Amino acid sequence: MGESTLEKVLVVLEKVAWPFALFGFIGKWNLLDGADGLLLLGLTNLSLVYLVRAFLPDEPVGDGVAEYTGISTSPEPTFWQEVMSPKILGISSALVFVGIEFKAKAWDGGTYMLLAGTGTVVLVILLQALQQRLSQRALLTAVLGASMLYVTPETLVRQFHQDDPVLVEKMLHQLAHPQDKAAAAAVTQHERQKRLARYE
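Residue 199, in numbering that gives the first Met the number 0, is where the sequence shown stops; the numbers in between run on with no holes.
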């Protein structure tokens, strides 16, 4: 069966979103202007692509859905391989990208999203390996998720905001006291003042 118009759009969007996310992260790491927006745009679109793809209409087993899973040496595809595996991978991969976005912004919940998403992706990869089928997308997503789990939020805050020691101090205090509304308000106020200062 041929690709639907929606699937074609998702393929194009994914090809654009990956460079956005990659160069956005590199740019943010090196404190380049506009990198933050580029990173958020890339990660948001990647999560959208994977989530929407997970809910595309099912095709009959053997009609081509296995293309999503990448590598196959299994002669007879199954319902799990063709239908369930891509759906679970799509949802969990979307969760990984949202988790990366949240952790990069030092927002609450990023680590939990990464744990849930990456853990599910790894589990599906192991099940696929037992059936001699591997997803290249899933492998890449698992590596990215695991890498972001390895890096502490404090490290990201210090790196992404090294040009503003005051903001770093406020954000680290917020991370240490996630229930402190005053700490969150202090970070928000400082960031707002920085944005206003750019236009003066």
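Don't be surprised by glycine CBs; every beta carbon is placed ideally from N, CA and C. Values in this document were obtained by computation on a predicted structure and should not be read as measured data.
- Ranked by Cα distance from residue 92, the first of 182, 13, 184 is 13.
- Distance from residue 9 to residue 48 at the Cβ level is roughly 5 Å; contact confirmed, criterion being Cβ atoms closer than 8 Å.
- Taking each of 108, 146, 104 in turn and checking the Cα distance to residue 190, the smallest one comes out for 104.
- In terms of Cα proximity to residue 141, the closest of 165, 197, 121 is 121.
- Taking a contact to require three or more Cβ pairs closer than 8 Å, the segment 144-152 and the segment 85-102 qualify as touching.
- Counting only runs of 4+ residues, the alpha helix (DSSP H) found wholly inside the segment 134-164 occupies 135-149, 152-159, in chain order.
- Distance from the CA atom of residue 32 to the CA atom of residue 22, rounded to whole angstroms, is 12 Å.
- Residue 188 and residue 196 have their C-alpha atoms spaced approximately 12 Å apart.
- With fewer than 16 neighbouring CB atoms inside 10 Å of its own CB, residue 54 falls in the exposed class.
- Of the residues 167, 149, 150, 162, the one whose Cα lies closest to the Cα of residue 156 is 167.
- Out of 16, 29, 39, 107, the CA that lies nearest to the CA of residue 177 is found in 107.
- Scanning the segment 8-64 for uninterrupted beta strand (DSSP E) segments of 3 residues or longer gives nothing; none is fully contained.
- Here residue 40 really is in contact with residue 19; their C-beta atoms are around 5 Å apart, less than 8 Å.
- Only buried fits residue 119, as 16 or more other CB atoms lie within 10 angstroms of its CB.
- Contact between residue 38 and residue 162 does not hold, since the beta-carbon distance rounds to 17 Å and is not under 8 Å.
- In this structure, the straight-line span from the alpha carbon of residue 83 to that of residue 138 is close to 17 Å.
- Here the alpha carbon of residue 128 sits roughly 12 Å from the alpha carbon of residue 135.
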